[in-house]
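> Before anything else, here's the structure in question.
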Amino acid sequence: MALYLIGDVQGCDEALQRLLDELAFSPSRDTLIVLGDLVNRGPASAEVLRRMQRYGAAAQSLLGNHDLHLLGIAHGARKAGRKDTLQGVLDAPDSEAMLDWLRHQPMALHRTLDGGELLMVHAGVLPQWGVADTLSFAAEVESVLRGPALEDFLQTMYGNEPAQWDDALTGSMRLRVIVNALTRLRFCTAEGVMEFESKDGAGTAPNGFMPWFDVPGRASAAATIAFGHWSTLGWVSRPDLISTDTGCVWGGCLSAVRIGATPLARELIQVKCPEAQKPG
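Sequential numbering of the sequence shown, starting at 917, is according to our numbering.
Shown next, in the form of structure tokens:
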């Protein structure tokens, strides 16, 4: 039995199929976790969602910013943008089933391995949050996404403020900070103030900011954190970090990591993406 983590698929179903073939993935034997952004920008988001549904309990996907954006469009909280390629999901006869499956996916996942912990998120973890905090805050959002207040939540999900976590936050402001950290975070200050404009590599942090994973003394440092979201960062493998978004939809590769018995036992497997889009 193998555990595979896959970076941002973003509607590139052909690349996903070739990667799974390369892995010899078997849903009766293996476990597959996509680290968010199953959909958007690529040409086949509906096909990706259907594939994941077919795998049943053998496959999960964290919710990324593009996945939440699809839910926002579907429920009238946001209009589709010029770059969005989500209409195939929205117009499909099984659209309701795909969207229902999507909103029941997790915001964060955790595995205990020999010699350490593996925490999985789409984007990042604020420096004040430990592993237990992250999972608890993720569960708050998951509960709303799966419940009757879904549409009300989606109406207030978008926005960059508040830019910093505060335990006293409540309601929509609290949920927005959690969503932004888990699905959009790249750079923040040592105090955890988030910055959302910069999308280049780790060495391009604005003055006073740094990659979230390089904040000194962050509370989650004892765990290995696996994430996607940051295509300009690309593949990074270090004891406390696994970065998996290698820009498939932008002409890069779709990447999988086979996780072994310990957080340090990992193998990278990649395929070139034939469905690449031009940025713009």
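For each residue, glycine too, the CB sits at the ideal point set by N, CA and C.
Do L1157 and T1178 have their C-beta atoms closer together than 8 Å?
Within the sequence shown, the letter at position 241 stands for residue 1157. Within the sequence shown, the letter at position 262 stands for residue 1178. Their beta carbons are not under 8 Å apart, which means L1157 does not touch T1178 by this criterion.
> Among residues of its own chain, excluding the 5 on either side of P1190, which ones have a beta-carbon nearer than 7 Å to its beta-carbon?
Translated into positions along the sequence shown, residue 1190 becomes position 274. For P1190, where only same-chain residues beyond five positions count, the Cβ hits under 7 Å are E930 and A931.
> Can we say the segment 963-970 touches the segment 1024-1040, given the rule of at least three CB pairs closer than 8 Å?
Result no; under three Cβ-Cβ pairs closer than 8 Å.
> Can you grab the Cα-Cα spacing for the pair W1017 / Q969, in whole Å?
The count along the sequence shown starts at 1 and reaches residue 1017 at position 101. The count along the sequence shown starts at 1 and reaches residue 969 at position 53. Their backbone Cα atoms lie some 7 Å apart in a straight line.
> Mind reading off the beta-carbon distance from D953 to Q926? Whole number of angstroms is fine, and I expect it under 8 Å.
Here residue 953 refers to the residue found at position 37 of the sequence shown. Here residue 926 refers to the residue found at position 10 of the sequence shown. About 5 Å; that satisfies the 8 Å criterion.
> Can you tell me which of A1024, G1032 and R1019 puts its alpha carbon nearest to the alpha carbon of V1066?
Start at 1 with the first residue of the sequence shown, and residue 1066 comes out as number 150. Here residue 1066 is Leu; the residue named in the question, Val, does not match the sequence. Ranking A1024, G1032 and R1019 by Cα distance to L1066 puts R1019 first.
> Give the DSSP bridge partners of F1103, in chain order.
Translated into the one-based positions of the sequence shown, residue 1103 becomes position 187. According to DSSP, F1103 bridges with E1111 and P1127.
> DSSP three-state call for E1077: helix, strand or coil?
The residue given as residue 1077 occupies position 161 in the sequence shown. In this structure, E1077 counts as coil in the three-state DSSP scheme.
> Would you call the CB atoms of V1041 and T1050 closer than 8 Å?
On the sequence shown, position 125 is the one that residue 1041 refers to. On the sequence shown, position 134 is the one that residue 1050 refers to. In contact: V1041 and T1050 (Cβ atoms closer than 8 Å).
> Looking at the secondary structure, which residues open and close the beta strand (DSSP E) in which H1026 lies?
If you number the sequence shown from 1, residue 1026 lands on position 110. Note, H1026: beta strand (DSSP E), A1024 to L1029.
> Between the segment 1118-1136 and the segment 1077-1090, are three or more C-beta pairs nearer than 8 Å?
Contact fails: fewer than three Cβ-Cβ distances are below 8 Å.
> Can you give me the C-alpha to C-alpha distance between P1127 and P959, rounded to a whole angstrom?
For the purposes of this step, residue 1127 is taken as residue 211 along the sequence shown, with counting starting at 1. For the purposes of this step, residue 959 is taken as residue 43 along the sequence shown, with counting starting at 1. In a straight line, the C-alpha of P1127 is about 31 Å away from that of P959.
> Within this structure, are the beta carbons of L1091 and M1023 separated by less than 8 Å?
Locating residue 1091 in the sequence shown gives position 175, where the first residue counts as 1. Locating residue 1023 in the sequence shown gives position 107, where the first residue counts as 1. Not in contact: L1091 and M1023 (Cβ atoms no closer than 8 Å).
> When you compare the CB positions of A1142 and L984, do they come within less than 8 Å of one another, or not?
Locating residue 1142 in the sequence shown gives position 226, counting from the first residue. Locating residue 984 in the sequence shown gives position 68, counting from the first residue. Taking 8 Å as the Cβ cut-off, A1142 and L984 do not qualify as a contacting pair.
> Check the DSSP bridge columns for E1037 and list the partner residues they point to.
Position 121 of the sequence shown, counted from the start, is the residue given in the question as residue 1037. Looking at the sequence shown, residue 1037 is not Glu but Val. Partner(s): A1024.
> Should V1187 and P1043 be called a contact, given that it needs their Cβ atoms to be closer than 8 Å?
Here residue 1187 refers to the residue found at position 271 of the sequence shown. Here residue 1043 refers to the residue found at position 127 of the sequence shown. Against a cut-off of 8 Å, the Cβ pair of P1043 and V1187 comes out as no contact.
> So which of G992, L986, H991 and K995 has the shortest CA-CA distance to V1005?
Along the sequence shown, read from residue 1 onward, the residue named residue 1005 stands at position 89. Closest by alpha carbon: L986.
> Assuming contact is defined by CB atoms lying nearer than 8 Å, are W1045 and S1147 in contact in what I supplied?
In the sequence shown, counting from the first residue as 1, residue 1045 sits at position 129. In the sequence shown, counting from the first residue as 1, residue 1147 sits at position 231. No. Outside cutoff.
> What's the gap between the Cα of D1010 and the Cα of G1150?
Residue mapping note: residue 1010 aligns to position 94 of the sequence shown, counting from 1. Residue mapping note: residue 1150 aligns to position 234 of the sequence shown, counting from 1. So the two alpha carbons sit approximately 34 Å from each other.
> Can you tell me which of L1098, R1102, Y920 and I989 puts its alpha carbon nearest to the alpha carbon of A940?
Along the sequence shown, read from residue 1 onward, the residue named residue 940 stands at position 24. For A940, the nearest C-alpha among the options comes from Y920.
> Where does the unbroken beta strand (DSSP E) through V950 begin, and where does it stop?
Along the sequence shown, one-based indexing puts residue 950 at 34. Where V950 is concerned, the enclosing beta strand (DSSP E) stretches over T947 to V950.
> For A1054, which of helix, strand or coil comes out of DSSP?
Here the question's residue 1054 lines up with position 138 in the sequence shown. It is helical.
> What does the Cβ neighbour count give for A1054, buried or exposed, with the cut at 16 atoms within 10 Å?
Here residue 1054 corresponds to residue number 138 of the sequence shown, with the count starting at 1. Buried.
> Please classify A1097 as buried or exposed, where buried requires at least 16 neighbouring CB atoms within 10 angstroms.
By 1-based counting over the sequence shown, the position of residue 1097 is 181. When all chains shown are included, A1097 counts as buried.
> Answer with buried or exposed for S944, where buried requires no fewer than 16 other C-beta atoms within 10 angstroms of its C-beta.
Mapped onto the sequence shown, residue 944 falls at position 28. Counting Cβ neighbours within 10 Å, S944 comes out exposed, since fewer than 16 surround it.
> Measure the CB-CB distance between D924 and G997 and report whether it falls below 8 Å.
For this step, residue 924 is matched to residue 8 along the sequence shown. For this step, residue 997 is matched to residue 81 along the sequence shown. Result no, Cβ atoms of D924 and G997 do not sit closer than 8 Å.
> Does A1138 come out as helix, strand or coil in the three-state DSSP assignment?
Reading the sequence shown from its first residue, position 222 is the one you call residue 1138. It is coil, neither helix nor strand.
> Around the C-beta of Q1003, are 16 or more other C-beta atoms found within 10 angstroms, so that it is buried, or is it exposed?
The residue given as residue 1003 occupies position 87 in the sequence shown. Per the 10 Å Cβ criterion, exposed.
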